[in-house]
Structures are given as structure tokens and as C-alpha cells.
Amino acid sequence: MASGILCRSTHYSRTKHVRRTSHASGHTRHTSKHRLVIIQAHQSSEDSHHTTCAVQPQLNDVPVGSVSRRSVLASTTSAATLAGFLNVPTAALADVDADLLAGIQARGLNVAITGASSGIGLEGARTLYQKGAHVTVLNRNAKRVQDAIDDITAGKSGEGTIGGIVCDLTSLKSVNDAANTLANAPQPIDVLVLNAGVQFTGEEEPRITEDGFEATLQTNHLGHFLLAERLLPTLARSRQMRQAAGIDAPSRIVVTASEVHDPESPGGAVGPGADLGAFEGLVRANAPGAGMVDGGDFDPDKMYKDTKLCNILFTYELARRLTAAGIAPSDISVNTYGPGLITQSGFFRYQNPLFVGLFDFFARNVFRVTESVEGGGALLASMAANPEYYGGSSGYWNNELSGYGGHAFTAMRTSAESYDEDKAARLYDISARLVGVDVNAAEKATVDALRQPKEEEAIALAM
1 MASGILCRST
11 HYSRTKHVRR
21 TSHASGHTRH
31 TSKHRLVIIQ
41 AHQSSEDSHH
51 TTCAVQPQLN
61 DVPVGSVSRR
71 SVLASTTSAA
81 TLAGFLNVPT
91 AALADVDADL
101 LAGIQARGLN
111 VAITGASSGI
121 GLEGARTLYQ
131 KGAHVTVLNR
141 NAKRVQDAID
151 DITAGKSGEG
161 TIGGIVCDLT
171 SLKSVNDAAN
181 TLANAPQPID
191 VLVLNAGVQF
201 TGEEEPRITE
211 DGFEATLQTN
221 HLGHFLLAER
231 LLPTLARSRQ
241 MRQAAGIDAP
251 SRIVVTASEV
261 HDPESPGGAV
271 GPGADLGAFE
281 GLVRANAPGA
291 GMVDGGDFDP
301 DKMYKDTKLC
311 NILFTYELAR
321 RLTAAGIAPS
331 DISVNTYGPG
341 LITQSGFFRY
351 QNPLFVGLFD
361 FFARNVFRVT
371 ESVEGGGALL
381 ASMAANPEYY
391 GGSSGYWNNE
401 LSGYGGHAFT
411 AMRTSAESYD
421 EDKAARLYDI
431 SARLVGVDVN
441 AAEKATVDAL
451 RQPKEEEAIA
461 LAM
């Protein structure tokens, strides 16, 4: 891990990391022997209603010549017949910038990632594993845990280790069980990546979890909120252990968000924009929260946007609360990012297959406005293990278009609503009540863990 921390001001533009996404026919993976560890915290049933995905559809209206992402949507409909007859390969692998990968300092890092069964969660886990991290995949059932481990270890030889824990975000019991397992592990996690996400586009009725919440809200926000709160003392313990061993780097929470949280962005402006209102839907329901956050009629696309706004409000408020408790970003940093438009990740599984195929074809091969799954995974791994992205807190990076076929990963401001501190604090309090966690006790335990050095833990880390 890096010995120096790059401090910076947050929310403002910085030098862009620009790279190109190129097309390739395939790649070769090499097999090797690996140490596998599977830890099952809670067995949940296989249920197609609970889908762990990892990437957010975004439609940036950023010009590429005379073409924008919004125009891609219009083009897919008019070109339906043409695309149906074309037999052009649509699989494109990222020519991930070597500098981006070189900046990842993951050796010896202990990283837990939700939504690591597919998409950028799986690819990010693979990258970190190959770079020497111990990766714990957090997926919703034992099969998805094992499948992810098999996929990662069947590929290119890695320098790390890998394990898994069942963590079904649609079950608060499962989340608590997973948190208990991680908290009681001999080597605490250094980085928690809150990456899983779902969107049920086209559905007229909400899917309700066993806890009584709408599934998008619980998967994307409430389950992650509970997991993060439960693991704050664990992250503090890992920071204390590294510091005692002479390693100067913060523990980290990374949140996968999306630019669609902003109704002023092109993607956020397609359909109803994110708006949490006064949280009427969270405070009035007999069920803990079966409807929309703002109390309106169910709209799956707006619900997704609302939960991405919740992700960013949570990130900013947690950073403020940690600072107020005397926990500096150099101890625990909290940041968020948007990975860009990634069409071949499984995220669009609930949309019309014809539309998805057409959209993917034109977005990837004609207008070249997409990011690859591999590229998105490299961004996730960078947020987790590159000092450039964890030197402070409350940062948001977005994967912007930069010329034809290129992207720039740069710090940006988020929506106006995301900076409403009163709203963020209220969402935090409501979320804590709904999931049954005492945030004040969690913060006290976090402070205590940072202030109580344990020599035996430093010795254990060095072994």
C-alpha cells in the first residue's frame, strides 16, 4: 500500500485521466492454482426477483462530433430492421490504459465488494485479485459466490487470494449476518465497495422484499447503508492495524453511483428526474417503505434515479458525520463515482431484448459512447486502491466522454439536491431507523477502535 496520501479539495474538476476504448476480438486467460476460501454467512434462496447487478445505465448528452448519447436512443428505434440483419461482433474489450492499472496499489489490501457476481463488480474483483489483494465477493447466494470465485480464478494468474460471503441485500438478516462474519474475521477489511444495484425497468408494480421495502430501494441504498454502518468499526480497526505497522493509508468506503441522479444531466432528464421530496414514502407507510421515496406512484426508472441520489447523499453525509466525530479522511475516506454507460453487464436484463441488442450495437459500434465492462472494473479497482482517488472524502468522479471513442475519468460536482445537508441528514436518520441500526453507537465504536492501538494486531498484519 502507498505510504503517502495525496490530499486534495473535493467536488472540483481536476486533471482528467483520458483513455480510449478499443474493439478487440477476444483475450486469452491462463489457469493457475489458487487458495480458495468460501465463508457463508447466510443461505438465501435463488430468486430471480433479487438480481445483483453492478452498473448503471447513463445517457450523457456529450457531443461526439455531431452525435450525442441521447441521439443513440432515437437511432435504435429507427434502425431496428437494419440491426436485426447485421452480423457484426458487438463484444468490445477495453484497452484499459496502462497508467490507470499501474496506479492500483492493491498488494496486501483486504477488499470486500458487493455485486461481484457480474459486470464491473466481477471485473473489479478480478483486477484487484490480480494485483495482489485479498478479495471477498459479497453476492446474494452461495452459487453466485462460488461462480464468481471460479470465474476469477479460472482467468489470468493472480497474486492475491479470494473468498466470498453470502450477502443478500434484499434481506436485512443476510446483511447483518455478512457484517458479523466480516467483523469477526482475523484480518479486517481495508476497503468496502458498495457496488450492487438493480433497476426493474418496465415493471408496473414494485417488488417487495421480505423486510417490506421496494427491492430497488433496499438493494441500492438501505442494504448498503446497513452494511456500511455495521462495518465502520471494522474499517477503523484495519486503519489502526496498518498505522501500527507503519502503513499510512486510510480505510475506504467506495460507492458506485451514477450521473442519472442529477435531473439536469442528459441521462437524468430522460423521464422523471430524481426527486426525494420530503421522504413521504419512507415515513408514512405501514410497511417500512413499499412505495416511492417521495410517496408518488411507482416508477421503476425514477426509483433507480432516486436511489442513486440516495447513494450520493449517503456518501456526503457519512463523510460529514465521520469528520464531526473526529475521524479524518486520512483514517476513513468515503467517495463515490459513476462508471459510465456499460451495455454488456447484465444490468439491462429486465428491458426488451430487441431494444437492448439494438442499443448495444449502435452505442458500442457506431457512436462508440460506451465503456467496456473491463474498463468499468478498472475504474472500480482504481477507486478502491489508487491513492489518487482516496486521498480525501466526499469526492465524486464521473466517466465522461472525451472525443470519439474516448473517456475521461474526472472529479465533478453532483446535483443541486445532493448538496442539501439538511436533506442528507434526514435521509440518514430515516434510513438508520428503517434498518434498525444505532448510528451513534457505530460512530462511538469507530472512534474507540481508532484510539486503542493493539500491538498484537500490528504483528498479525506483518505476518
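Residue numbers for the sequence shown follow the UniProt record's numbering, so the first one is 1 and each next one is one higher.
Quick reminder that beta carbons are idealized off the backbone N, C-alpha and C, glycines included.
Being a predicted model, the structure only gives us computed values, none of them experimental.
By the three-class DSSP mapping on this structure, what secondary structure does residue i have?
i      : result
Arg433 : helix
Val369 : Reliability fails at Val369, whose pLDDT of 47 lies under 50, so the model's placement of it is uncertain and no value is given.
Leu128 : helix
Phe409 : strand
Val293 : coil
Val198 : coil
Arg321 : helix
Phe298 : coil
Leu169 : coil
Ala385 : helix
Leu109 : coil
Ser238 : helix
Gly158 : coil
Thr114 : strand
Val270 : coil
Tyr304 : helix
Tyr419 : helix
Gly163 : strand
Gly377 : helix
Given a threshold of 16 other Cβ atoms within 10 Å of its Cβ, counted over all protein chains shown, does residue i qualify as buried or as exposed?
i           : result
Ser118      : buried
Gln240      : buried
Gly246      : exposed
Val283      : exposed
residue 473 : Missing from the structure shown is residue 473; the chain here goes from 1 to 463 and no further.
Glu421      : exposed
Lys131      : buried
Ser148      : One point to set straight first is that residue 148 is Ala, not Ser, in the sequence displayed. That one is buried.
Glu159      : exposed
Ala411      : buried
Lys173      : exposed
Asp150      : exposed
Ala133      : buried
Ala319      : buried
Gln199      : buried
Between residue i and the rest of its own chain, which residues show a CB-CB distance below 6 Å, the 5 nearest in sequence each way excluded?
i      : result
Asn311 : Val255 and Ala257
Ser3   : The predicted model places Ser3 with a pLDDT of 32, which falls under 50 and marks its position as unreliable, so this point remains unresolved.
Pro206 : Glu214 and Phe298
Tyr390 : Arg252 and Ser333
Lys444 : none
Val191 : Val111, Arg252 and Ala384
Trp397 : Tyr337, Phe409 and Ala411
Leaving aside the five residues before and after residue i along the sequence, list all residues of the same chain whose C-beta is less than 7 Å from its C-beta, in chain order.
i      : result
Lys305 : Val260, His261, Gly268, Gly273 and Ala274
Phe225 : Phe314, Ser431 and Val435
Asp438 : none
Ala449 : Pro233, Ala236, Arg237 and Gln240
Out of the options, which has the shortest C-alpha to C-alpha gap to residue i?
i      : options                           : result
Leu309 : Ala178, Leu276, Ala425 and Val447 : Leu276
Gly326 : Val447, Leu128 and Gly108         : Val447
Thr414 : Ala154, Ser265 and Thr201         : Ser265
Thr219 : Pro206, Leu109, Leu169 and Met412 : Leu169
Gly223 : Ala154, Met292, Ala178 and Val191 : Ala178
Ala116 : Arg126, Gly271 and Gly108         : Arg126
Asn399 : Phe409, Leu318 and Gly392         : Phe409
Gly163 : Ser171, Glu204, Thr114 and Lys423 : Thr114
Leu227 : Ser171, Glu417 and Pro339         : Ser171
My understanding is that residue i touches residue j, with C-beta atoms under 8 Å, so please give their C-beta distance in whole angstroms.
i      : j      : result
Leu128 : Ala381 : 5 Å
Ala142 : Val166 : 6 Å
Ser238 : Asn110 : 7 Å
Ala196 : Gly124 : With 8 Å as the limit, Ala196 and Gly124 do not qualify as a contact, their Cβ atoms being about 12 Å apart.
Ala378 : Leu101 : 6 Å
Thr201 : Asp301 : 6 Å
Glu203 : Ala442 : In fact, because the Cβ distance is near 34 Å, the residues do not count as touching under 8 Å.
Got a sec? Which residues, its chain only, sit under 8 Å from residue i by beta carbon, not counting five neighbours each side?
i      : result
Gly103 : Ser382, Asn386, Pro387 and Glu388
Glu317 : Glu421, Ala424, Ala425, Leu427 and Tyr428
Can you find a CB in chain B that lies within less than 8 Å of the CB of residue i?
i      : result
Asp211 : In the structure shown, chain B does not exist; there is a single protein chain.
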